[in-house]
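Oh and the sequence shown: position 154 is 154 in full-length UniProt numbering, straight run, nothing missing. Yeah, the Cβ is synthetic: ideal placement off N, Cα and C, and Gly gets one too. Step one of this worksheet: look at the structure below.
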Amino acid sequence: MSQLRLGYLYGFGAYLLWGFFPIYFKLLRPTGPVEILAHRVVWSLAFVALLLAAARNVGFLRALARRPRALAGIAAAAVLIAVNWGTYIYGVNSDRVVETALGYFINPLVVVLLGVFVLRERLRAAQWAALGVGTAAVVVLTVDYGRLPYLALTLAFSFGGYGLVKKRLGLPAAEGLFVESAVLALPALAYLGWLGWRGDATFGHLSAGHTALLVGAGAATAIPLLLFAGAANRLPLTNLGMLQYLAPVLQLGIGVLIFHEPMPPARLAGFALVWLALVVFTVDAVRQGRRTRAAARGTPDPVPAAR
Numbered sequence: 001m002s003q004l005r006l007g008y009l010y011g012f013g014a015y016l017l018w019g020f021f022p023i024y025f026k027l028l029r030p031t032g033p034v035e036i037l038a039h040r041v042v043w044s045l046a047f048v049a050l051l052l053a054a055a056r057n058v059g060f061l062r063a064l065a066r067r068p069r070a071l072a073g074i075a076a077a078a079v080l081i082a083v084n085w086g087t088y089i090y091g092v093n094s095d096r097v098v099e100t101a102l103g104y105f106i107n108p109l110v111v112v113l114l115g116v117f118v119l120r121e122r123l124r125a126a127q128w129a130a131l132g133v134g135t136a137a138v139v140v141l142t143v144d145y146g147r148l149p150y151l152a153l154t155l156a157f158s159f160g161g162y163g164l165v166k167k168r169l170g171l172p173a174a175e176g177l178f179v180e181s182a183v184l185a186l187p188a189l190a191y192l193g194w195l196g197w198r199g200d201a202t203f204g205h206l207s208a209g210h211t212a213l214l215v216g217a218g219a220a221t222a223i224p225l226l227l228f229a230g231a232a233n234r235l236p237l238t239n240l241g242m243l244q245y246l247a248p249v250l251q252l253g254i255g256v257l258i259f260h261e262p263m264p265p266a267r268l269a270g271f272a273l274v275w276l277a278l279v280v281f282t283v284d285a286v287r288q289g290r291r292t293r294a295a296a297r298g299t300p301d302p303v304p305a306a307r
């Protein structure tokens, strides 16, 4: 199998697994969102530690310990991903899967916005147009919900910020997840211990299947992330960007068709504006990618001829 096909296989696998996350986290009820988050952190750490030990790849910790700025960046990334995970679990288990899907539809636009205000990047006209349409979508959805879609915005900005920090750190997926989980493990274990002391813990008290699902949250977190890393190393960025919409499409379908969450006309109109913004954003990214490749080869840009 070619590396390109393998990259697509990894990418589809990652986004399919992320797309079915709402079903997985619904199965963890009646465990509360914070307890689920704590177990997700602890079992992620255990799962990735086993992987690294099997690969005999623990030497990176010594090198990392000599980089205090990198450790500070990892701590920031850990806080952002904890906010993202916790918000997502809360949204799913409070019957707001549709709003969580909206967050991941908005995320590419948030990444562009962070590029402007944090990295001082200059946007092309099409990117400004996409941001304008996306802003209009948020206004429409705010009117529909009667409030800001704060769950969606929290998911989009926390994951966008996490991606920005990770890009600057440049750590491989498994190593990065291990250190981030290690940063969060102590408060997670303290919270689980406190729950056990109060007698409110659900772990080991409901059923063997429920306990196994809580433990499996570690593998469910790590496996799609590792698949995504494999795809990112083999696919062009524009191709990978096209795949990222698979997960929120699946989550939206699960929310509406399986969990029967409402989708009134005004909300549908807001989603339609988000999709329009993403179409403008994606078409511009594809064209820019063609121009870049054409310039690298020293050949004329094929896009004008296609038009």
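Cβ-Cβ separation, residue j to residue i (assumed contact under 8 angstroms), whole Å
i    : j    : result
L184 : A82  : 6 angstroms
T31  : T211 : That belief does not hold up - the Cβ atoms of T31 and T211 are roughly 10 angstroms apart, past 8 angstroms.
L102 : F271 : 7 angstroms
F12  : Q127 : That belief does not hold up - the Cβ atoms of F12 and Q127 are roughly 27 angstroms apart, past 8 angstroms.
L252 : V98  : 6 angstroms
A269 : L226 : Going by Cβ atoms, the distance from A269 to L226 rounds to 38 angstroms, so no, they are not a contact pair.
DSSP-derived helix/strand/coil call for residue i
i    : result
N233 : coil
H210 : helix
G270 : helix
A130 : helix
W175 : The sequence given here places Glu at residue 175; Trp does not occur at that position. Correct three-state label for E175: helix.
A55  : coil
F60  : helix
D144 : helix
T202 : coil
E99  : helix
P304 : Since pLDDT at P304 reaches only 48, below the 50 mark, its modelled position is unreliable, and the value read off the structure follows with that caveat. Helix.
Y245 : coil
S94  : coil
R290 : helix
L123 : coil
F259 : coil
V118 : coil
R168 : helix
S181 : helix
P264 : coil
R5   : helix
R69  : helix
Y149 : First, the amino acid is wrong: residue 149 is Pro here, not Tyr. DSSP places P149 in coil when its eight states are reduced to three.
Residue i burial status per 10 Å Cβ neighbour count (16 or more: buried)
i           : result
G91         : buried
Y15         : buried
A156        : buried
I254        : buried
residue 318 : In the structure displayed, the chain extends from 1 to 307; residue 318 sits before or after that span and is not available.
I106        : buried
V139        : exposed
V118        : exposed
G176        : buried
L186        : exposed
H205        : exposed
V179        : buried
R96         : buried
C-alpha gap between residue i and residue j, whole angstroms
i    : j    : result
T135 : Y162 : 22 angstroms
A182 : R234 : 28 angstroms
P304 : V283 : Per-residue confidence for P304 stands at a pLDDT of 48, beneath the threshold of 50, marking its modelled position as unreliable; the derived number appears in the next sentence. The alpha-carbon atoms of P304 and V283 are separated by roughly 14 angstroms.
L246 : L195 : 37 angstroms
I74  : F159 : 14 angstroms
A125 : I36  : 43 angstroms
A229 : L6   : 12 angstroms
L243 : W197 : 44 angstroms
G218 : A77  : 18 angstroms
G132 : A277 : 8 angstroms
Y24  : A294 : 44 angstroms
F20  : L250 : 7 angstroms
P262 : G86  : 23 angstroms
I89  : A130 : 29 angstroms
R307 : T292 : For R307, the predicted structure reports a pLDDT of 37, less than 50, and the residue's modelled location is therefore unreliable. The matter cannot be settled from this model.
L45  : L141 : 37 angstroms
W275 : L192 : 40 angstroms
G216 : V112 : 34 angstroms
S94  : A137 : 23 angstroms
R290 : P236 : 11 angstroms
V42  : V286 : 39 angstroms
A231 : A188 : 30 angstroms
R168 : F47  : 25 angstroms
L123 : V116 : 7 angstroms
L64  : L71  : 7 angstroms
A190 : H39  : 11 angstroms
Short CB-CB distance (under 7 angstroms) between residue i and chain C
i    : result
G134 : The structure shown has no chain C; it contains just one protein chain.
List in chain order: all unbroken alpha helix (DSSP H) runs of 4+ residues lying wholly within the segment 13-44.
21-26
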